[in-house]
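Beneath this line is the structure, given in structure tokens, with notes to follow.
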Amino acid sequence: MSRAVELRDVVKTYDLGGGFKVEALRGVSLQVEKGELLSIMGPSGCGKSTLLNMIGGLDNPTSGRVIVGGIDITDMNEENLASFRLERIGFVFQSFNLVPTLTSLENVELPMILAEKLSSKEATERATDLLRLVGLGKRLHHRPSQLSGGETQRVAIARALANEPSIIIGDEPTGNLSSEASSKIMRFIQHLNRTLNQTFILVTHNPSIAHASQRMVYMSDGQIIKKPAPLSETPSKEVLLKERRELTLAELEWLRKSIRNLEELRTGTRPDLYKQSMMEYALRWALLKQSIRELGLEV
Ligand code: ADP
Ligand code: MG
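Numbering (my numbering), first residue to last: 27 to 325.
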């Protein structure tokens, strides 16, 4: 049985002209087995979408090899890539990308009609089945604008399944959904992954979505990296104490300066402002004195 995806040392460089280049992928190697549910995580701009574009045959790499469902698509021309995409890949994007003027049924039929493998009657039957599978049997004739975000994304998933793709790739598929709708879609994707053995590769920002997948891959700066350290580890007591001392001293300095400036206000034309500031500073000074005592600062 062939692998779902095999990337070998894939480099993608965008030439911006005038000698400017962006290295979006800097040597990525990745294997995805059939039936896996894989999440790709990483900060904005690290190359996640570019990686999905390589796997989905939306673009050619600068170097390296891209093998999807046993087919080497590295050097395919646009015409062959177009039929590869239609027959082998299901796409689910953040912004849904359904045809707004078509009903759910017509949107799901479309890839089957384009692939010309089924008669139009068979395409309608399969589209109906798929929409039932995603729980939208009662929304066959709704247009995207008449559906909720979660429902729209389920239509997109039904459409992605239409031509029995080797892989479904999703670029932040839950990015535009409420957290409730996101976890519902994610449970649904897990269900399809298990029952149909459907391979999914998802890019997500959302750690809880990523945790619902079997495997996570992290990217940084155009490369796959080992699991990164958590962004904010709880600082030690010593660090917190040092930080509090610094903040207290900084506030003390600020207060001293403010009180010096108060002299000017006293002789000015706004006695009300002077009184108000005095009261405010007195209060702050009382609080600050307490912190200074607690921290054992000598001032
Ligand atoms: P991510 O999806 O992780 O946010 P992308 O794969 O979209 O990152 O982008 C990776 C890098 O490549 C970014 O610096 C981005 O600006 C650049 N990039 C992406 N697509 C293009 C393009 N078509 N032309 C030029 N630069 C691009
Ligand atoms: Mg992206």
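Note that beta-carbon positions come from the ideal geometry of N, C-alpha and C, so glycine has one too.
Everything numeric in this text was worked out from a predicted model, so none of it was measured.
With 16 other Cβ atoms within 10 Å as the buried cut-off, status of residue i
| i | result |
| --- | --- |
| D35 | exposed |
| S145 | exposed |
| D41 | exposed |
| G163 | exposed |
| S234 | exposed |
| N287 | exposed |
| F122 | buried |
| L78 | buried |
| L314 | buried |
| M67 | buried |
| V325 | exposed |
For residue j and residue i, believed in contact at Cβ under 8 Å, the rounded distance
| i | j | result |
| --- | --- | --- |
| L136 | V118 | With a Cβ gap of about 15 Å, L136 and V118 do not count as contacting. |
| L140 | L112 | 6 Å |
| P191 | R91 | With 8 Å as the limit, P191 and R91 do not qualify as a contact, their Cβ atoms being about 21 Å apart. |
C-alpha gap between residue i and residue j, whole angstroms
| i | j | result |
| --- | --- | --- |
| S205 | Q120 | 14 Å |
| I93 | T129 | 35 Å |
| Q224 | I194 | 8 Å |
| M80 | P87 | 7 Å |
| G96 | R270 | 59 Å |
| V134 | A236 | 27 Å |
| I250 | K143 | 38 Å |
| T221 | F214 | 10 Å |
| N219 | T39 | 33 Å |
| P322 | E289 | This sequence places Gly at residue 322; Pro is not what is there. Spanning the two alpha carbons is a distance of roughly 30 Å. |
| N202 | A153 | 24 Å |
| N189 | L64 | 21 Å |
| T295 | S262 | 50 Å |
| A186 | T274 | 58 Å |
| S284 | P297 | 16 Å |
| C72 | I227 | 17 Å |
| G8 | R319 | This structure cannot settle anything about residue 8, because the visible part of the chain is limited to 27 through 325. |
The ligand MG heavy atom lying under 6 Å from the CB of residue i
| i | result |
| --- | --- |
| S246 | no |
Closer than 6 Å: residue i CB and nearest the ligand ADP heavy atom
| i | result |
| --- | --- |
| G73 | yes |
| A236 | no |
| S89 | no |
| S70 | yes |
| T39 | no |
| T76 | yes |
| A22 | The requested residue 22 does not occur in the structure, where the chain is confined to residues 27 to 325. |
| A50 | yes |
Tell me whether the region 177-185 and the region 155-163 touch, counting them as touching only if at least three CB pairs, one residue from each stretch, are closer than 8 Å. yes
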